[in-house]
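Report on the following structure.
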């Protein structure tokens, strides 16, 4: 049975890191790579992880690859500090790796807790993430946001869910949207994408309709309405920031 190393990258995650590490206590190894937290993240991690390293922040994918390079085992389960691996998912992972599988990576559904409930609709669900992988055949790409694994080989799917505690409240959700929409605009600009009036007028309401109607946000009551609206706002904001970059002149501040 291949052994499993769990990797977690952190920055100021004292609120979450203990829960994340306890949820993977069953794994053969737990590695935390921190990027200079100013809270108690590192101290809390050292009490539960097998190895904790602090290194400068190079970007999401690069940091995750650095964490994988520290692992003692080739099979890596990468989770975020605000995520939890349920006992049911842990059992599914152990079954998948009871022998060396033909797949080189596995996708796992992720469910987010927000506004007092699990959101099992909108673009947030099932939100399949490729998180269990063989580092000999997969590596994280260097996209500024929504980084992913480039896998040389077959990618399978596992039953079970990763639990995601992404937001404390709506204010925190808005802060995250602001940060990630900036990164998304930077990535689109790097990819040569340009924003037009069409993008600003059509894409946000289409995103709302997709989230609220086609993907079932309406079933979640007010919570579904809020999540659908926030997802549409994220789409608007990333295109607005891309448009702003296109118009920006030399910095004179």
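Residue numbers (this note's numbering): 157 to 409.
The beta carbon of each residue, even a glycine, is placed where N, CA and C say it ideally should be.
Predicted model, so just to flag it, every value in this text is computed and none were measured.
Query	Result
Backbone CA spacing between residue 250 and residue 158 [nearest angstrom]	9 Å
Burial state of residue 384, where buried means 16 or more other Cβ atoms lie within 10 Å	buried
Beta-carbon proximity list for residue 227, same chain, < 8 Å, skipping 5 on both sides	161, 163, 185, 187, 291
Complete runs of the alpha helix (DSSP H) confined to the segment 330 to 402 [at least 4 residues]	353 to 365
Counted within 10 angstroms of its Cβ, other Cβ atoms place residue 320 as buried (16 or more) or exposed	buried
7 Å Cβ shell around residue 200 - same chain, five flanking residues per side excluded	170, 173, 174
heavy atom of the ligand MN below 8 Å from residue 371 C-beta	As presented, the structure is devoid of all ligands, the ligand MN included, so that no description of it is given.
Separation of residue 348 from residue 252, as counted between CA atoms	40 Å
Best match in 392, 285, 272 for proximity to residue 341 [C-alpha to C-alpha]	392
For residue 310, the first and last residue of its enclosing beta strand (DSSP E)	Note, residue 310: premise wrong, no beta strand (DSSP E); not H, not E.
Neighbour-count burial assignment, residue 273, 16 or more Cβ in a 10 Å radius	exposed
is_contact[residue 190, chain D] using C-beta, thresh 9 Å	Going by chain labels, chain D is absent from the structure shown, which holds only one protein chain.
Cβ pair residue 209, residue 224 closer than 9 Å	no
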